[in-house]
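Enquirer: Residue numbers (this note's numbering): 23 to 565.
Heads up, the beta-carbon is just placed ideally off N, CA and C, and yes, glycines get one too.
From a predicted model like this one, the values you see are computed outputs, not experimental measurements.
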């Protein structure tokens with residue numbers, strides 16, 4: 023069964039589950055045996071000893087070991103103990119090279135293990151008619167889970183019921199803007215992940231709204247698990263440096279053997295004793311091997327790794343550093359790589375003005391009022407942990423909240439001073455969110471949302487000028503939201519869109535963008551100067 027292309031009822035029937043009661047204990051036991059824990063499995067890790075011996079697979083290393091062994095044999099035969107330094111040095115270089123390789127791989131493995139901890143530790147689930155909080159690893163297909171803003175999605179799931187739900191799925195799709203979800207939709211079977219708007223996916227987070235969903239895939243069967251499986255099954259390929267060293271090793275080996283054969287034959291024809299000519303031939307072969315080469319290569323690559331580490335780049339294997347120098351094309355993701363993966367408010371426009379105003383930490387009083395109204399009509403928030411800002415909720419809302427914070431207005435202070443009395447949550451059909459706040463003793467309705475929807479509901483304001491300004495801001499790649507308000511005498515007990523979202527006074531526009539990283543431009547220039555073609559890969563839709 024393909025969950026996103028089937029109705030809620032069919033999915034529940036297919037998993038033999040119940041939206042109100044969930045699975046029974048007997049069902050859970052059977053499903054655990056069938057599907058196993060809800061975890062991403064990994065290939066069995068190599069032991070330190072296995073990693074150590076893996077370092078000796080290189081042709082050049084094998085030739086050096088052979089040369090050291092033969093040299094040692096010759097020294098023992100001739101009892102010339104003063105010559106032990108050379109084979110001992112060769113073996114020392116080989117062992118140190120192996121130790122450095124093992125140490126680097128171990129460091130990288132630990133760092134990668136930390137990066138894999140993206141799954142949710144707990145899940146709210148309905149089982150036997152009771153709501154419980156369990157370890158996310160205990161989930162099985164057919165479980166009924168509850169989700170709300172701030173939750174990590176513990177497994178792939180088909181939505182059964184959703185209220186203004188949005189999910190941040192940049193880990194899967196690369197899109198920084200949260201995806202709007204709707205449980206009532208039935209999606210085409212071949213739709214890409216970004217278009218499966220009746221599904222939520224493991225490892226992603228809920229930024230807005232609430233939902234009830236049925237788990238459809240766990241562990242390695244989730245979309246995140248499929249990516250992990252591709253990484254685990256990636257075959258080890260030789261880097262250009264390894265290929266060249268292998269070719270050099272084979273070439274030197276052949277040359278040494280041919281030289282040995284020639285010297286041996288010439289010596290025999292000249293009447294030199296067999297053992298003497300054999301020792302001479304072996305000495306010639308050993309001297310042809312550049313025992314210092316692996317050490318030099320290891321030292322150079324280690325220096326490269328240290329320089330990369332200072333730039334927060336993680337290198338798993340020493341030879342991989344050299345591969346970067348052979349790159350001719352770099353394919354880069356946009357979100358979070360070239361951009362900061364954080365929506366930022368950069369411009370604002372007030373009704374009646376002729377131009378926009380850049381957002382700073384000291385905007386005009388009129389812009390500050392626009393930002394305060396926008397913040398009051400937001401559920402997102404910005405908190406500070408250990409001196410670092412953390413954006414919680416919809417990135418579009420947190421951009422407005424942070425712009426207000428920069429101007430000295432925190433969300434908590436605004437909510438305390440102008441309490442929210444009522445609200446109509448955002449939904450994808452209206453494309454609006456509305457709150458009623460007590461401001462200076464008056465009931466003020468604040469509405470924010472798409473300008474084209476808002477314009478039809480406003481009775482005051484220069485909407486033609488605002489339309490032109492919206493188009494201009496959109497041409498600058500800004501995401502534009504409109505803010506409007508009105509005063510009401512009485513607040514309806516169960517306010518509706520028709521009651522609150524009409525007869526509005528247009529207030530202004532705010533424009534935001536996921537800004538490029540400060541270093542992105544220079545990085546692209548450096549790539550081009552180095553003869554590397556940078557290619558930006560973004561979005562999940564085929565054009």
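(1) So who's on the other strand from residue 353, going by DSSP bridges?
(2) Where does residue 491 sit, in a helix, a strand or coil, going by DSSP?
(3) Roughly how many whole angstroms lie between the Cα atoms of residue 141 and residue 168?
(4) According to DSSP, is residue 409 helix, strand or coil?
(5) Given 8 Å as the limit, is there contact between the segment 262 to 279 and the segment 201 to 221, that is, 3 or more CB pairs closer than that?
(6) Just the C-alpha distance for residue 305 and residue 279, rounded to the nearest angstrom, thanks.
(7) Is the beta carbon of residue 265 closer than 8 Å to that of residue 537?
(8) I'd like the ranges of any alpha helix (DSSP H) spanning at least 4 consecutive residues and lying wholly in the segment 264 to 309.
(9) If you drop the 5 nearest sequence neighbours on each side, which residues of the same chain put their C-beta closer than 6 Å to that of residue 479?
(10) With a 10 Å radius around its C-beta and 16 neighbouring C-beta atoms as the bar for buried, classify residue 518 as buried or exposed.
(11) How big is the Cα-Cα spacing for residue 472 and residue 453?
(12) Using the three-state DSSP reduction, which class does residue 213 fall into: helix, strand or coil?
(13) Indicate whether the contact test is met: 3 or more Cβ pairs, each with one atom in the segment 455 to 475 and one in the segment 541 to 551, closer than 8 Å.
(14) Whole angstroms is fine: what's the gap from residue 563's alpha carbon to residue 414's?
(15) In terms of residues, what are the limits of the alpha helix (DSSP H) holding residue 507?
(16) Can residue 177 and residue 60 be called in contact, C-beta distance under 8 Å?
(17) At the level of alpha carbons, what is the spacing between residue 91 and residue 291?
(18) On a Cα-Cα basis, can you pick out the residue from 350, 508 and 379 that is closest to residue 555?
(19) Quick check for students: name the residue ranges of the alpha helix (DSSP H) that lie wholly in the segment 76 to 164, counting only runs of 4 or more.
(20) How would you write the range of the alpha helix (DSSP H) that residue 55 sits in, first residue to last?
(21) Under 8 Å: do the segment 394 to 406 and the segment 422 to 442 share three or more Cβ pairs, one atom per stretch?
(22) Have a look at the DSSP bridge pairing and note the partners of residue 380.
(23) Please return the same chain residues whose Cβ sits closer than 8 Å to the Cβ of residue 97, not counting the five positions on each side in sequence.
(24) Taking three-plus beta-carbon pairs below 8 Å as touching, is the segment 234 to 249 in contact with the segment 182 to 201?
(25) Determine the DSSP secondary structure at residue 33, reduced to helix, strand or coil.
(26) Suppose contacts are defined by Cβ-Cβ distances below 8 Å. Is residue 568 in contact with residue 225 by that definition?
Expert: Per the coordinate set shown:
(1) Counting from 1 along the chain shown, the entry for residue 353 is found at position 331. In DSSP, residue 353 forms a bridge with 557.
(2) As a first step, residue 491 must be located in the chain shown, where it is residue number 469. The answer is helix: DSSP assigns residue 491 an H, G or I state.
(3) For the purposes of this step, residue 141 is taken as the residue at position 119 of the chain shown. For the purposes of this step, residue 168 is taken as the residue at position 146 of the chain shown. Below a pLDDT of 50, predicted positions are generally treated as unreliable, and residue 141, at 47, falls in that range; no measurement from the model is reported.
(4) Indexing the chain shown from 1 puts residue 409 at position 387. The answer is coil: DSSP assigns residue 409 none of H, G, I, E or B.
(5) These segments do not touch.
(6) Counted from its first residue, the chain shown places residue 305 at position 283. Counted from its first residue, the chain shown places residue 279 at position 257. A straight line joining the alpha-carbon of residue 305 with that of residue 279 spans about 12 Å.
(7) For the purposes of this step, residue 537 is taken as the residue at position 515 of the chain shown. For the purposes of this step, residue 265 is taken as the residue at position 243 of the chain shown. Cβ distance not < 8 Å, so residue 537 and residue 265 don't count as in contact.
(8) List check, alpha helix (DSSP H) in window: 296 to 309.
(9) Numbered from 1 along the chain shown, position 457 holds the residue referred to as residue 479. Hits under 6 Å: 523, 524 and 526.
(10) Your numbering for residue 518 matches position 496 in the chain shown. Counting every other CB atom within 10 Å of its CB across the protein chains shown gives residue 518 a total below 16, marking it as exposed.
(11) Counting from one through the chain shown, the residue named residue 472 turns up at place 450. Counting from one through the chain shown, the residue named residue 453 turns up at place 431. Cα-Cα distance, rounded: 6 Å.
(12) Start at 1 with the first residue of the chain shown, and residue 213 comes out as number 191. DSSP, reduced to helix, strand and coil, places residue 213 outside both helices and strands of the structure shown, so it counts as coil.
(13) Of all C-beta pairs linking the segment 455 to 475 to the segment 541 to 551, fewer than three are shorter than 8 Å, placing the two stretches out of contact.
(14) For the purposes of this step, residue 563 is taken as the residue at position 541 of the chain shown. For the purposes of this step, residue 414 is taken as the residue at position 392 of the chain shown. In this predicted model, residue 563 has a pLDDT of only 45, less than 50, meaning its place in the structure is not dependable; the value taken from the coordinates is given anyway. When rounded, the distance between both Cα atoms is 27 Å.
(15) In the chain shown, counting from the first residue as 1, residue 507 sits at position 485. First-last for residue 507: 501 to 510, but that is the beta strand (DSSP E), not the alpha helix (DSSP H).
(16) Taking the first residue of the chain shown as 1, we reach residue 177 at position 155. Taking the first residue of the chain shown as 1, we reach residue 60 at position 38. Yes; because the gap between Cβ atoms is below 8 Å, this pair is in contact.
(17) What you label residue 91 is simply residue 69 of the chain shown in a count that begins at 1. What you label residue 291 is simply residue 269 of the chain shown in a count that begins at 1. Answer to the nearest angstrom: the Cα atoms are 28 Å apart.
(18) The sequence position of residue 555 within the chain shown is 533, counting from 1. When only C-alpha atoms are compared, the closest one is 350.
(19) Fully enclosed alpha helix (DSSP H) runs of 4 or longer: 81 to 100 and 107 to 137.
(20) For this step, residue 55 is matched to residue 33 along the chain shown. Residue 55 -> alpha helix (DSSP H) spans 47 to 57.
(21) Because the criterion of three Cβ pairs below 8 Å is met, the segment 394 to 406 and the segment 422 to 442 touch.
(22) By 1-based counting over the chain shown, the position of residue 380 is 358. Residue pairing from DSSP places residue 380 in a beta bridge opposite 369.
(23) As a position in the chain shown, residue 97 is number 75, starting the count at 1. Around residue 97, the same chain offers 103, 105, 106 and 109 as residues with beta carbons nearer than 8 Å, after the five sequence neighbours per side are excluded.
(24) As far as the Cβ criterion goes, the segment 234 to 249 touches the segment 182 to 201, which means the pair count is three or higher.
(25) Your numbering for residue 33 matches position 11 in the chain shown. In this structure, residue 33 counts as helix in the three-state DSSP scheme.
(26) What is shown of the chain runs 23 to 565, which leaves residue 568 out entirely.
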